[in-house]
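Participant:
There are 2 protein chains.
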Amino acid sequence: MSVRRTPTPSQRLSSSSPPLTDGAPGVPVDPRRVVIDRVRPLVDCGALPAKATVGLPLSVSAVLVADGHDPLMGWVWHGPPAPRLTDSLAPPRGWREVWLDPQGNDWYGAWISPNEVGEWAFAVGGVVDEYGAWLRDLRIRIEAGQDTTLDLEEGAIMAERRSREGVSAADQRALAALAGQLRARTAHSTRLHQAERPQTVALMRRTADRSRATVSGTFPLWVDRERAGFSAWYEMFPRSEGAVPPRSGTLRSAARRLPAIAGMGFDVVYLPPIHPIGRSFRKGRNNSLECGPGDPGSPWAIGAKEGGHTAVHPDLGTIEDFDAFVDTARNAGVEVALDYALQTSADHPWVREHPSWFRHRADGSVRYAENPPKRYQDIYPFDFDTDDREGLWAALRDVMLFWIGHGVRIFRVDNPHTKPFRFWEWLIRDIHARNPEVLFLAEAFTRPAVMQRLAKLGFSQSYTYFTWRNSKWELSEYLHELSQTDETDWFRPNFWVNTPDILHATLQRGGLPAFKLRAVLAAITCPSWGMYSGYELGENVPLREGSEEYLDSEKYQLRPRNWDQPQSLAPFIARLNAIRNRHREAIAQLSTLRLHHIENEEMLCVSRTTHQRDDVLLLIVNLDPHAAREATTWLDLAALGIPAEHPFEAHDELAGNTYVWQGPRNYVRLDPAVTPAHVLHLRRP
Amino acid sequence: MSVRRTPTPSQRLSSSSPPLTDGAPGVPVDPRRVVIDRVRPLVDCGALPAKATVGLPLSVSAVLVADGHDPLMGWVWHGPPAPRLTDSLAPPRGWREVWLDPQGNDWYGAWISPNEVGEWAFAVGGVVDEYGAWLRDLRIRIEAGQDTTLDLEEGAIMAERRSREGVSAADQRALAALAGQLRARTAHSTRLHQAERPQTVALMRRTADRSRATVSGTFPLWVDRERAGFSAWYEMFPRSEGAVPPRSGTLRSAARRLPAIAGMGFDVVYLPPIHPIGRSFRKGRNNSLECGPGDPGSPWAIGAKEGGHTAVHPDLGTIEDFDAFVDTARNAGVEVALDYALQTSADHPWVREHPSWFRHRADGSVRYAENPPKRYQDIYPFDFDTDDREGLWAALRDVMLFWIGHGVRIFRVDNPHTKPFRFWEWLIRDIHARNPEVLFLAEAFTRPAVMQRLAKLGFSQSYTYFTWRNSKWELSEYLHELSQTDETDWFRPNFWVNTPDILHATLQRGGLPAFKLRAVLAAITCPSWGMYSGYELGENVPLREGSEEYLDSEKYQLRPRNWDQPQSLAPFIARLNAIRNRHREAIAQLSTLRLHHIENEEMLCVSRTTHQRDDVLLLIVNLDPHAAREATTWLDLAALGIPAEHPFEAHDELAGNTYVWQGPRNYVRLDPAVTPAHVLHLRRP
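This is the structure:
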């Protein structure tokens, strides 16, 4: 062991000798007693904004500690970004102050409601509650029968001192009156009662000396519009809708389906790429390397001689048809989301116009996509490391601006994890600086750290592992992670029950009951959920045993459907979305989600509540699509704000009937042939 | 919802039109692909230093992610604080570079060994492993029977490019040779084998292009000397040792006890305050308000006409006697720790000399200590909010410097949580700037957030809740928290089996077997542990039923003891400390502590290993001091680095015998009348 710094020779002192002077005059005394720790929401120590949503109260919390045992007062300031906090006494102009409530073990919390889309910020402050400490000690001493003459006088002095500290004239009078009361010749207990009246406590809180308060730095928030935190998505291939193979459907024919989609309660309709599709190496049916003459190809092989990312596939129609589709959707109450897939076919105009935007091999050929040993010769990735980075990045940004110009405000981003993080961070900031209302859904089915990083750097919503979480244990762990960990600060999950790439074994084998149970799970447990068309018809045939691909996948061929089949789940799905809309805030507020004990390994019990618990939903699901299951709940009534001693109504919003329950233990039986779930609205009778 | 910024009017583009130009020329392209997240150790986002210890490898870890699926290379740089990192290519002068190892799920880690006491810092860096990605793809393609002519050529080009990038002459030659091998007319699989040779991989790692590497900011460490992370403490009241009541023992008579303390293997002897004791309101025996004529008073009532915090109590001797005590201790291999208790008696010289350093009541009297309704009229707290803050803070600092001048380098700080955090933060920094080898033990028995805050702001060690953690569940949870959470970055626990204030019910009721089991738990599970004298004699009589105070507490009276009682645990304790010293690094390395399953609710199984698992200890304890218990272990052999298929020796370092075990399941029986525990050294036969 070696010591780098030579210790200063120590000096001997006696208690009465003058203090060592080398440091004394400059002792950097800091009078702030409160320390603020573990502030949330927080992303990368405040380097990136945490997420907030207009219309959805946001929990702000922190640990506040001071020396000793005195109570503390804490608050949160919030508002549009302020130049700099310079003052511990008052928030910056235009900011609001909300008191923090103590939550035990030195945690403090408050709910704030940022009400404008865009950049926002908050700061947390705290100071020792001088009056609260005085009041607490006074109360204890009076109860112990001690003389409190001096204590009351000290309270009066505190009130007088504050009346001289620049408070309002009304408060000045109230403080003077309080000082008088504390010195009155009444019983000490009478004066205590006056001192602890709520209006007196509020007065002393309002006039507290904050000159020694601690205020944190400011922490950034990005506030999205409401749909970022509450949405129901429907994915459709417009070319299938109204198709008479080999003739493609069009945007005009697809638009006729929009009222039915809106009728099921969806508010976002997402279209896979609508651009011209490459012909070189075009994939045939079921991803075959052999392409038949009528095969339309995968929409993700973007670009042909007709154009690239800003062109409309001629089979679908024109840009005017697209504009009309957006209008029709808007009129039906549905918003159009477009795919943003940053890759090209070999026939994309950019391959000729900007060869430097692509990687080339040692023989000069363009490097196509590969996941060795698999080769995707129909797809060219961009070279984000190209020497013409500025040109490429700007062009990709301009594609998005083009579609924004055509009314699109939501983009489902294809495979963002295969493009540089710094690109997305820049792109989302750049777009948000122009159009803060734009939303981005990250389709990154990859490792957790990568999904989290994309969410941190700005994606509004993220696809999840939901399709692969089917057992009680898997769902419990995953719901806990998504609602109770710091991921809620940046990650907004979107539960998709299926996608054109994912037909899970549960659906392949479970029949319509499985389709219903997975839909109710997604719709009720997650603020945002989604479905790829065909789900409502129970389409469940995989490409082959063990595959999650659909047989005759719509990715490679036209799939017109008869929507009027009698087994259609459309009415069931409409009911789910109607429940969501009736309990909008409870469904959107992920951080209050709670799992409740239920004594059956195939049943799950989850509550969804507003933060004030004035709207309480309880979902009970039978995860087994094959057999009836029964069990007794063990509800955490405190989390639901329901007293154990009174009966309460449990109104099943799926079935329409109402039970009267009391206490935590209640019997439930669910037969998947009838219904996979109760969605119970709990309320006082 | 309102939107604050007016969206820029969007423009229509076609794929061949020039890009939107308002942002294009200034696109702030950032070519770094790796993002670094969740760096540890980390305290308050790097605002405060994390703790490291000379001689004890420190785990540094982070999440590194990049887009796509390419492997990454990561490293940690560390050294004395550097002015600023300006270069991603090489560490600052005097810093070392250690490669990070992938640990799964995008986590990377390395062990570093800061070897100098004082300020230190580290940074984490990462870049996409271009060669690793190329090698992986080449291997897959060759295995799949694909043609790899182009791949090999591209590898050769990579080697050639690097040979032009300022590498050493030797590496230049090696790179040229590699390029040649990759272009040789040998079989592709032969060339692959050459490309994946370890020295080639090391070459390509060493010469990797780091111009696009990501390097984190620097994160501070405070490096303490070894004793901060590994110590065995013994607390004694020197006035009892050699006392013939009412005559006090002295520092000279107490020094005669030091060889026995060293003989038990303790390396720190901690003395409660040795200063003159106030006479006003002096407490009598058993904390009585009535003080008898011979009662010596509580040492924590510091100050009398003979002096204050820098004086030695006349009954104990002189400052020269103290110097001699320190010398004797040093010669015995024990370091003296002094109490640092920032309070005074009413008779302290400062009460007259510096009345402004104390709080005064409305009637002008000095405010004594209170915890309403309890009153401590013999104790005056300091007013850290005094107008003469600079004078007070400097004087308190100078007290510490005085004792540093007398050879003290460890301070046990009394009740730090009742003094401002900012005071401690300043004091510890100030002292460390002069004497970086000084250690501070925080005696803060208070709420978790407050204990954590004190540790974060610089205390070297902390008392813990250990005395109140007795059941298997309590101990398991607590050991997990202290060893497996981010608290390890700043909190160094010290497990005390008793203190003059805490005689736990387990000891009151469990007899000597309880004393042995609590000692073995503390000594083996915790890097630092401590004992207050009398423990080795099994002193277990409380003040009254339900109290944790000792009857006839040494805090208020002299307690000379006969150390030669036959039941003394001194030999047992000496054995424990000898085991600790033989397995120093395994005991000191808290982050590798693991709990193993053992099928008995009264038994606990804990392993302690070096980070390289070249020294493995397994502690198995019977927590029931009243009855024999038996169980089967279920060891996590992977965590111990022991293969399941071979037998291994389990040598009991307490009892001296050796078992031959194999696999995870092994039978254990512990009779507290014989021994409460096995301390097994696991090794290959």
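Protein chains in written order, with numbering that gives the first Met the number 0: chain C, 0 to 684; chain E, 0 to 684. Glycine is no exception: its CB is placed at the ideal position from the N, C-alpha and C atoms. None of the values given here were measured: they were computed from a predicted structure.
1) What residues in the stretch 46 to 80 of chain C bring their beta carbon closer than 8 Å to a beta carbon of chain E?
2) Return the residues of the stretch 129 to 142 of chain E that lie within a Cβ-Cβ distance of less than 7 Å from chain C, sorted by chain order.
3) For residue 681/E, count the other beta carbons within 10 Å of its own beta carbon; 16 or more makes it buried, fewer makes it exposed. Which is it?
4) Taking 7 Å as the CB-CB limit, is residue 26/C close to chain E?
5) Which residues in chain E have a C-beta closer than 7 Å to the C-beta of residue 418/C? List them in chain order.
6) Counting pairs of Cβ atoms below 8 Å between the stretch 85 to 99 of chain E and the stretch 153 to 162 of chain E, do you hit three or more?
7) Using a 10 Å radius around the Cβ and a threshold of 16 neighbouring Cβ atoms, would you call residue 76/E buried or exposed?
8) Which ranges does the beta strand (DSSP E) cover as unbroken runs of at least 3 residues, wholly within the stretch 608 to 644 of chain E, from first to last along the chain?
9) Just list the residues that DSSP pairs residue 409/E with in beta bridges.
10) Report the three-state DSSP secondary structure of residue 682/C (helix, strand or coil).
11) Could you run through the stretch 442 to 454 of chain E and flag, in chain order, every residue whose CB is less than 9 Å away from some CB of chain C?
12) Shorter than 7 Å from the beta carbon of residue 84/E to some beta carbon of chain C?
13) Of the residues 279/C, 261/C and 387/C, which one's Cα is nearest the Cα of residue 331/C?
14) Residue 125/C: which of 149/C, 81/C, 204/C and 164/C sits nearest, CA to CA?
15) Check residue 304/C in the structure and name its three-state DSSP category.
16) Looking only at DSSP bridge pairs, what is residue 370/C linked to?
17) At which residues does the alpha helix (DSSP H) containing residue 270/E begin and terminate?
18) Does DSSP classify residue 164/C as helix, strand or coil?
19) Drop a sphere of 10 angstroms on the beta-carbon of residue 210/E, count the other beta-carbons inside from all chains shown, and report buried for 16 or more, exposed for fewer.
20) With a threshold of 16 other CB atoms inside 10 Å of the CB of residue 496/C, please say whether the residue is buried or exposed.
21) Whose Cβ in chain C lies nearer than 9 Å to the Cβ of residue 153/E?
22) Under 7 Å, Cβ to Cβ, is there at least one residue of chain C near residue 492/E?
23) Mind listing, in chain order, the continuous alpha helix (DSSP H) runs of no fewer than 4 residues lying wholly within the stretch 544 to 586 of chain E?
24) Report the partner residues of residue 461/E according to the DSSP bridge assignment.
25) By DSSP, does residue 282/C sit in helix, in strand, or in coil?
26) One question on the structure: do residue 141/C and residue 147/C come within less than 7 Å of each other, judged by their Cβ atoms?
27) Please name the residue, chosen from 581/E, 675/E and 50/E, that lies closest to residue 624/E on a Cα-to-Cα basis.
28) For residue 372/C, would you say it is in contact with chain E, using Cβ-to-Cβ distances shorter than 7 Å as the test?
29) Between the C-alpha atoms of residue 301/C and residue 550/C, what's the straight-line distance to the nearest angstrom?
30) Quick one: measure Cβ to Cβ for residue 499/E and residue 531/E, integer angstroms, because I've assumed they're closer than 8 Å.
31) Which bits of chain E does residue 689/C rub up against, with CB to CB less than 7 Å?
32) Going by other Cβ atoms of all chains shown within 10 Å of its Cβ, with 16 needed for buried, is residue 363/E buried or exposed?
33) Cβ of residue 517/E less than 7 Å from any chain C Cβ?
34) Taking 6 Å as the cut-off, does the CB of residue 586/C come closer than this to any heavy atom belonging to the ligand MG?
35) Under a three-way DSSP split, which group does residue 590/E fall into?
36) Determine the direct distance from the alpha carbon of residue 108/C to that of residue 83/E, and round the result to whole angstroms.
Facilitator: Reading off the structure:
1) 53, 54, 62, 64, 65, 66, 67, 68 and 79
2) 136, 139 and 140
3) buried
4) yes
5) 66
6) no
7) buried
8) 615 to 621 and 628 to 633
9) 336/E and 438/E
10) strand
11) 445, 446, 447, 448, 449, 451 and 452
12) no
13) 261/C
14) 204/C
15) coil
16) 373/C
17) Where residue 270/E is concerned, there is no enclosing alpha helix (DSSP H), although the beta strand (DSSP E) it sits in stretches over 267 to 270.
18) coil
19) exposed
20) buried
21) 360 and 361
22) no
23) 569 to 581
24) 441/E and 492/E
25) coil
26) yes
27) 675/E
28) yes
29) 23 Å
30) 6 Å
31) With chain C represented from 0 up to 684, any question about residue 689/C goes unanswered, as that position is not in the structure.
32) exposed
33) no
34) This structure does not include the ligand MG; it has no bound ligands of any sort.
35) helix
36) 37 Å
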